[in-house]
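Residue numbers (UniProt numbering), protein chains in the order written: chain A, 1 to 187; chain B, 1 to 108. Even for Gly, the Cβ is constructed at its ideal location relative to N, Cα and C.
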């Protein structure tokens, strides 16, 4: 059976454009982020050093996001996720660390438009003004009633990740919040 | 609205991003403890009108626990600090004493 995303290509056009980001490799890496061995393993896997606290860094097809004081999330092409997970596991064989391929456990949305900050503000307590939340700052919070992580890749594009089990709910929620008749024009 | 700065990820977060963990710095009496100690640990909590030390978990964010000192009536936050400590840090206690001279000080 071939892999599918939970949204299966569904999206919405309203105050912003909401798109299924498609199949995306995601690897959770937990361990001591101060460890040189772990940092080297991340660099081998992604081509870039791990990000500073609260950031996401991009390198070619890979990205690496800081998720918590002992957790990184590596984004890579879907087909390479298993291979990268195995490589990191090998590199950290003698370390207290864990890499898991969670590609099929998440739903990923690509948002674009001028009103992303307005739409997200309807459901999250985060201060979304550009001064408070700049580009490539990963913010884990709640949106509506579910845990999400999002970051802006430009002033008009953002990516949002949530658990797969609430992916359909998230699309409904975002579509409602992005209703063209309910624009806020605040940010 | 209560806003706390999570010392683990540096973000200023809303109360709805957090999970309250109750009174901080409790001594956990377990097997072998006296009945009175065990009862205290299980049931007895402070309920001050004023300075209170609490545990919070940044549940929708980094998922880590931390400590916070705040006023239960005004919601003034005196500071947040690591979960890996048995007592509040001295500089924080000094700061609270300056802000609230009438405060009796930290007691376990």
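Query: What residues of chain B sit near residue 147 of chain A, judged by a beta carbon separation below 9 Å?; Result: 59, 60, 61
Query: For the region 129 to 158 of chain A, which residues have a CB atom closer than 8 Å to at least one CB atom of chain B, in sequence order?; Result: 139, 140, 141, 142, 147
Query: Taking residue 68 of chain A as the query, report the chain B residues whose CB atoms sit under 9 Å from its CB, ordered along the chain.; Result: 8, 9, 58, 61, 62, 63, 64
Query: Let me check understanding here. Comparing Cα to Cα, which of A:109, A:172, A:182, A:135 lies closest to residue 5 of chain A?; Result: A:109
Query: Starting from the Cα of residue 19 of chain B, find the closest Cα among B:108, B:64, B:75, B:97 and give me that residue.; Result: B:64
Query: Just checking: is the beta-carbon of residue 14 of chain B within a distance shorter than 8 Å of some beta-carbon in chain A?; Result: yes
Query: Does the CB of residue 54 of chain A have a neighbour CB from chain B at under 8 Å?; Result: yes
Query: Taking 8 Å as the threshold, find out whether the region 78 to 97 of chain A comes into contact with the region 133 to 153 of chain A through three or more Cβ pairs.; Result: no
Query: Would you mind sorting residue 44 of chain B into buried or exposed? The rule is 16 or more other CB atoms within 10 Å of its CB.; Result: exposed
Query: For residue 15 of chain B, which residues from the same chain have a beta carbon less than 8 Å from its beta carbon, with the 5 sequence-adjacent residues on both sides left out?; Result: 1, 2, 3, 4
Query: Mind pulling the chain B residues with CB within less than 7 Å of residue 125 of chain A?; Result: 14, 16, 17
Query: Leaving out five residues before and five after residue 7 of chain A in sequence, what residues of the same chain have Cβ atoms less than 7 Å from its Cβ?; Result: 20, 107, 167, 171
Query: Sorted by chain position, which residues of the same chain lie with C-beta nearer than 8 Å to residue 159 of chain A's C-beta, five sequence neighbours on each side aside?; Result: 21, 108, 109, 110, 111, 150, 151, 153
Query: By Cβ distance, which residues of its chain are closer than 6 Å to residue 68 of chain B, with the 5 residues on each side in sequence left out?; Result: 4, 54, 56, 80
Query: If residue 30 of chain A sits next to residue 97 of chain A, beta carbons under 8 Å apart, how far is it from one beta carbon to the other, in whole angstroms?; Result: 6 Å
Query: Tell me the rounded alpha-carbon separation between residue 33 of chain A and residue 123 of chain A.; Result: 31 Å
Query: Taking 8 Å as the cut-off, decide whether the C-beta atoms of residue 18 of chain A and residue 45 of chain A are in contact.; Result: no
Query: Figure out for me which residue from B:74, B:25, B:61, B:97 has the closest Cα to the Cα of residue 87 of chain B.; Result: B:25
Query: Rounded to the nearest angstrom, how far is the Cβ of residue 12 of chain A from that of residue 178 of chain A, given a contact under 8 Å?; Result: 6 Å
Query: Identify the continuous alpha helix (DSSP H) that holds residue 39 of chain B and give its terminal residues.; Result: 35 to 43
Query: Between A:10, A:141, A:2, A:25, which lies nearest to residue 82 of chain A when the distance is taken from Cα to Cα?; Result: A:25
Query: Does DSSP put residue 17 of chain B in a helix, in a strand, or in coil?; Result: helix
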